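Listed in order, the protein sequences are those of chains A and B.
Using this note's numbering, you'd call the opening residue of the first sequence number 1 and step up by one each time.
Using this note's numbering, you'd call the opening residue of the second sequence number 1001 and step up by one each time.
As structure tokens, the structure follows; a few thoughts come after it.
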Amino acid sequence: MFARQLSAAREPDRVRQRLRLGEALVERGLLTPEQLERALEYQQRTGDRLGRILIALGYVRRQQLYRVLAELWGYPYVDLLREPLDVQLARRFDPEELVRRRCFPVRWDRGDVWVATAEPPTSELEAFVRSVLGPVRVRPLVTTEWDIDHAVQRVFRDVVLDRASLGLYFRSPDESARRVLVGWQKVVLWASIVGLAVALALMPRPTAVALSAFVNGVLFIYVLFHFLVAMTGARHEHLQTISDDEVRALREDELPMYTVLVPVYREANVVGHLIENLRQLDYPASKLEVLLLIEEDDEETLAAAKAARPPETVTFVVVPNGLPKTKPKACNVGLLFARGEYLTIYDAEDRPEPDQLKKAVIAFRKGSPDLVCVQARLNYYNATENLLTRMFTIEYSYWFDYVLTGLDRLRLPIPLGGTSNHFRVDRLRELGGWDPFNVTEDADLGIRAAARGYRVGVIDSTTWEEANTRVGNWIRQRSRWIKGYLQTVLVHTRRPVRLVRTAGLRNTLGFVLLIGGTPFAFLALIPLWSLTLLWIVTRTHAFDALFPPVVLYVSLFNLLIGNGVMMYLGMLAGFKRRRYELVPFALLNPLYWILHSIASYKALWQLVTKPFYWEKTHHGLSRYLPTSSSPGVATES
Amino acid sequence: MASAATSRPARALASRPSPDLRLLGLRWHQHLVRVLLFSVPFAALALYAAQLGFLSNAHAHVTAKALLAADRLRLEVIGFLYPPLPFLLVLPFPHPWTPALLSSLAAGATAWLVWYDLERTGLGLLWRMMLLAAVVVTPSSVFLATQAFPDMLTLHFLVVAWHYYWNFVRYQHTFSGFVAGLILGLAFYANFYALLYALAFAVLVPLFRRAAHERPEPREFAASLSQMLVTAFPALWALASWSYINWVFTGRPFMYLADPAAAVIDPDRWSVPLDERLSWLPQFGVEVLSQPLLLAAFLVHARVAPRRLPVLAVLAFVPALVRLCGFSYPLPLVLGSYTLIALLSLPQRQPRWFGPFLVVLAVTQGFVAATLVRQVGEVRAWENVVTSGASRAEDQQEIELASRLRAAPDRSILADDRSAYRIVARAVTARPFLLPTDAAFAVALDDPVSAVRYVLVTAVPMEGDLVSARFAAGPPAGFVVDGQRGVWTLYRRSDAPSLLGGA
Chain A
1 MFARQLSAAR
11 EPDRVRQRLR
21 LGEALVERGL
31 LTPEQLERAL
41 EYQQRTGDRL
51 GRILIALGYV
61 RRQQLYRVLA
71 ELWGYPYVDL
81 LREPLDVQLA
91 RRFDPEELVR
101 RRCFPVRWDR
111 GDVWVATAEP
121 PTSELEAFVR
131 SVLGPVRVRP
141 LVTTEWDIDH
151 AVQRVFRDVV
161 LDRASLGLYF
171 RSPDESARRV
181 LVGWQKVVLW
191 ASIVGLAVAL
201 ALMPRPTAVA
211 LSAFVNGVLF
221 IYVLFHFLVA
231 MTGARHEHLQ
241 TISDDEVRAL
251 REDELPMYTV
261 LVPVYREANV
271 VGHLIENLRQ
281 LDYPASKLEV
291 LLLIEEDDEE
301 TLAAAKAARP
311 PETVTFVVVP
321 NGLPKTKPKA
331 CNVGLLFARG
341 EYLTIYDAED
351 RPEPDQLKKA
361 VIAFRKGSPD
371 LVCVQARLNY
381 YNATENLLTR
391 MFTIEYSYWF
401 DYVLTGLDRL
411 RLPIPLGGTS
421 NHFRVDRLRE
431 LGGWDPFNVT
441 EDADLGIRAA
451 ARGYRVGVID
461 STTWEEANTR
471 VGNWIRQRSR
481 WIKGYLQTVL
491 VHTRRPVRLV
501 RTAGLRNTLG
511 FVLLIGGTPF
521 AFLALIPLWS
531 LTLLWIVTRT
541 HAFDALFPPV
551 VLYVSLFNLL
561 IGNGVMMYLG
571 MLAGFKRRRY
581 ELVPFALLNP
591 LYWILHSIAS
601 YKALWQLVTK
611 PFYWEKTHHG
621 LSRYLPTSSS
631 PGVATES
Chain B
1001 MASAATSRPA
1011 RALASRPSPD
1021 LRLLGLRWHQ
1031 HLVRVLLFSV
1041 PFAALALYAA
1051 QLGFLSNAHA
1061 HVTAKALLAA
1071 DRLRLEVIGF
1081 LYPPLPFLLV
1091 LPFPHPWTPA
1101 LLSSLAAGAT
1111 AWLVWYDLER
1121 TGLGLLWRMM
1131 LLAAVVVTPS
1141 SVFLATQAFP
1151 DMLTLHFLVV
1161 AWHYYWNFVR
1171 YQHTFSGFVA
1181 GLILGLAFYA
1191 NFYALLYALA
1201 FAVLVPLFRR
1211 AAHERPEPRE
1221 FAASLSQMLV
1231 TAFPALWALA
1241 SWSYINWVFT
1251 GRPFMYLADP
1261 AAAVIDPDRW
1271 SVPLDERLSW
1281 LPQFGVEVLS
1291 QPLLLAAFLV
1301 HARVAPRRLP
1311 VLAVLAFVPA
1321 LVRLCGFSYP
1331 LPLVLGSYTL
1341 IALLSLPQRQ
1351 PRWFGPFLVV
1361 LAVTQGFVAA
1371 TLVRQVGEVR
1381 AWENVVTSGA
1391 SRAEDQQEIE
1401 LASRLRAAPD
1411 RSILADDRSA
1421 YRIVARAVTA
1431 RPFLLPTDAA
1441 FAVALDDPVS
1451 AVRYVLVTAV
1461 PMEGDLVSAR
1471 FAAGPPAGFV
1481 VDGQRGVWTL
1491 YRRSDAPSLL
1501 GGA
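Right, here's the structure in full:
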């Protein structure tokens, strides 16, 4: 304990400080000269700090390094995991500020404030402490940034939880899905329901015709919109916005610090894969910060993660237990501790293409200042596992390769995918992070960015994921996504005039058609197809009144042309990915859409009954997971 | 358990931009300008023929249906007109000139694409110009370009589809495959034989793949199969959709094939037994052998790209196949198809001496075509009108009759547009006519005197013309002959004013 060393603590020894870190470590036998040579060579290439490089290369343990640094800087070392902390003192500071400055106030003793820091102590640190506590004497101590993070998590547990859960709501309640409907939306909803009921009772035929016309008309526009977007995406498929040459030309010393958030929950069996997959990333390890976000009550995963002995670049961040228990909340906690200039999210089982981070960096550098995020493509490595994974892969190929590319080209708002979205951290913080009450927080964030005048782009890099292999599991996941889309539409249309003013009419229409149109189309599917089927079987004339000529033409267009085009786009998406064996399966898309429709009804029901409930999706079920995992042990996210 | 190694997906091979990709290098407005420029001569000739009163049956048919739909403001009054696309394109401006102008536009666009391809052959400008002129300035080509909108439209779609299809099979360019498939699907709504071309394109995929790659891909079978499906699916889906619509409304999914107005089935060939049809093959063979330009294309391929010979052979066989199946494929279209197949298949970078040689062959082919199409009555008639600058008597009679009928009150003339479509088209309105699609038609047919003021019949009725079948021999009770114009006779109710001046 440093308290016992206080009396021995002396002023910094300027002579000792002249000794260089590498030499000091070699002198103490913590590093071999060969290792130092390699690290220095690495430093020349990356321009990074030697200490960080030594840790990233696994040559020294973090604590060993900082103990030596403490000696070099001439201050005592403190182990914050063991040291009793002055909670009252610490809570006078802002935790985000402490994380950012990499310092933590440990003790206040008769006008002396002992402050642990992971950076060389400067007058700036003193000024910061005085700005909070007044005229005090600042006594630096040295510790690791891990210790600082851990201390912040321990002391500010409630603050972290509060900010992660309610930060957006308190800052901008209109942008949070915590309230499902605002006043006028409730009025409109009830008025619509009552109005429709009354109209059906008083004028059943005209009302039914109007309803039929409305549904078919919206579907018609939705189909045309999808076709336009997909065509645009397909047209530019051969254009690579970031070439391999550009990636090769990147200088490692110019690469920024990159944070990777990996939220896990009951995913003990995939932690090993995650670490292996992250190792494949082509990015200087010393500039990579991996934050493994583990829920407080998920001891099993924490134990598995520790047992996997991850490299020192991986940091465990414990997410305080509390409602809502959602991935976006975990990500918000991660964002609080993120030190990178850029940040991305991967799921535990993700296999990003190695150059993805570099492509994202280039995209940001080439992009305009309003580019806040770039989305990489997602696809599935277990596509051929069963019929469901085949259909899911066709859908994802279509969505990420054609629709998102098309939206990007048309400069329309892009709903982000679940993972592999890369952010500028400063902008992400400005946007308020993720909405923990929105169950498709990613899509919501993309739209929020557009609503604030920012842009989201796409990059030509793929992250391979595990496709859902079981129907029940798939419906759970899909119902969550569709519920999230409904939440997103309700949130962002609360102030329609403001939305149009900030995002523009074109973007607003694009957003409403894409995010609102998707649940609408799937909700309409079962009733419309049931009518068609019933008509085919019975040849009844009971529905004739619902389809006056124009409505009939539109309806036939939707049924024949619309479905045909959507199936065809699925084929093309499979072909483009060179997954030839999937192409014929696009013919089964109509059956797959029935599953979507079932999921959308579940989503609608849950929006009413359990709006923030996060339907768990089990991962690690694929037969295609490497055998080192425990097959069949389901995990959830 | 599947191995992770084998399940690991291949890295996506995004199509790379290639300067050899066709049509993608120009923006839409650049295409449009060229299309307009190439269309001008065709449009001028089409308007000249229209001014001389010539109206082809195909254009009259499409125009009459469009006028009917525009007047009644209900699409379904046209029944299940096949092909629907030419009709829908004429519908916004239903006029006898519209299909001629649209056909000229399609012809101009096709000529531009041929020019675009000739530019890639490396032939000199003069030879390219002469070659294009030699194949375009023939009676069959110009008739097709200005008087056969449905056929010209289909041909144009096939040519566009061919370019994108080339990108797809040669360079695996997915977007091009997408466009090619969609255009082939759309072409089905312009003519039935587009489906056969789509199937031919699909069948050609493995041949193209074999021609393009020395060694097959690791998953060659799956790759070929998926590429074939991508090529053929839209056309097959279009067939299924149209058949479904027919089934929904009539209970007969293939009704449109049998409709005499649809011109899908060639009535002379359809009912011929299969073994007899085989006897047509030598005639088709002679037809191919009398196409020197096409034969030259075969020779060039045999010399520089022998692997592509089967591809060319399959394409050249399609016009014969269509007719062998009993479908309608007019002779001008057959000749136009051969010429296009020959020109579009010319390999790139030909030696300069090859230009004059090709021009000579094209001129020879033009003469052969001109001789052959002289057998076709409508082409001959059109040629006479255009070359002599004098109208035909029957055209003048139709025009005069139509202009007088135009003055009749709404739905006052009982007629059957199975025969009277030319008169409806000439009248530029369907308003005065009471036609089979009108609800009151059946009543008027049984009791004309209480329902209409006039009855129009022809001495040469088409099959299914109910009005002429009943009243061609003499006027119904209460009607008198108001006048005759050529083969047309107008009956007038005794109390109705005369429209033809009693002549």
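Note that beta-carbon positions come from the ideal geometry of N, C-alpha and C, so glycine has one too.
These figures come from a predicted structure and were not determined experimentally.
By Cβ distance below 7 Å, which residues in the same chain neighbour residue i in space, the five residues on each side in sequence not counted?
i	result
Pro1009(B)	Caution is warranted here: a pLDDT of 39 is assigned to Pro1009(B), below 50, making its placement in the model unreliable, and the coordinate value is therefore given only provisionally. Nothing listed; no residue qualifies.
Pro1448(B)	Leu1414, Val1455, Pro1476, Phe1479
Val155(A)	Leu85, Val87, Ala90, Arg91
Pro284(A)	Thr46, Asp48, Glu252, Leu255
Thr232(A)	Gly406, Arg409, Leu410
Leu569(A)	Ala230, Tyr398, Tyr402
Pro1234(B)	Gly1181, Leu1182, Leu1184, Gly1185
Arg390(A)	Ala383, Thr384, Leu582, Phe585
Would you list the one or two residues that DSSP bridges to residue i?
i	result
Arg107(A)	Trp114(A)
Thr493(A)	The partner list for Thr493(A) (beta bridge, DSSP) is empty, contrary to what the question assumes.
Trp1488(B)	Thr1458(B), Arg1485(B)
Pro140(A)	Val115(A)
Glu289(A)	Thr259(A)
Ile1413(B)	Phe1433(B), Tyr1454(B)
Ala376(A)	Ile459(A)
Phe1523(B)	Here chain B has residues from 1001 to 1503 only, and residue 1523(B) is not among them.
Pro1092(B)	According to DSSP, which records beta bridges pairwise, Pro1092(B) is partnered with nothing at all.
Please list, in chain order, all residues of the same chain as residue i whose beta carbon is under 6 Å from its beta carbon, the five residues on each side excluded.
i	result
Leu1105(B)	Ser1039
Val583(A)	Met571, Gly574, Phe575
Ala1148(B)	Ala1058
Phe612(A)	Pro324, Phe437
Asp1117(B)	Leu1344
Ile53(A)	Ala39, Tyr42, Gln43, Ser286
Within the same chain, show all residues whose beta-carbon is closer than 8 Å to that of residue i, passing over the 5 residues directly before and after it, in chain order.
i	result
Arg1406(B)	Ala1427, Val1428, Thr1429, Pro1432
Leu607(A)	Val180, Lys483, Leu486, Gln487
Leu40(A)	Gly22, Leu50
Trp1097(B)	Ala1046, Leu1047, Ala1050
Gly167(A)	Asn332, Gly432, Gly433
If residue i and residue j are in contact, beta carbons under 8 Å, what's the gap, nearest whole angstrom?
i	j	result
Arg171(A)	Gly432(A)	5 Å
Val1135(B)	Leu1343(B)	7 Å
Ala451(A)	Thr493(A)	With a Cβ gap of about 10 Å, Ala451(A) and Thr493(A) do not count as contacting.
Leu388(A)	Thr518(A)	That belief does not hold up - the Cβ atoms of Leu388(A) and Thr518(A) are roughly 19 Å apart, past 8 Å.
Thr1437(B)	Val1457(B)	With a Cβ gap of about 18 Å, Thr1437(B) and Val1457(B) do not count as contacting.
Val1300(B)	Pro1267(B)	That belief does not hold up - the Cβ atoms of Val1300(B) and Pro1267(B) are roughly 39 Å apart, past 8 Å.
Given a cut-off of 8 Å, decide if residue j and residue i are closer than it, judged by their beta-carbon atoms.
i	j	result
Ala1305(B)	Ala1211(B)	yes
Thr301(A)	Arg339(A)	no
Val317(A)	Leu288(A)	no
Ala116(A)	Val106(A)	yes
Arg62(A)	Thr143(A)	no
Ser176(A)	Phe585(A)	no
Val264(A)	Ile221(A)	no
Pro1319(B)	Thr1364(B)	no
Ala1232(B)	Leu1199(B)	yes
Arg1269(B)	Gly1355(B)	no
Leu1101(B)	Leu1153(B)	no
Val1373(B)	Ser1103(B)	no
Can you list, in chain order, the stretches of the beta strand (DSSP E) that have 3 or more residues and sit fully within the segment 466-528 of chain A?
-> none
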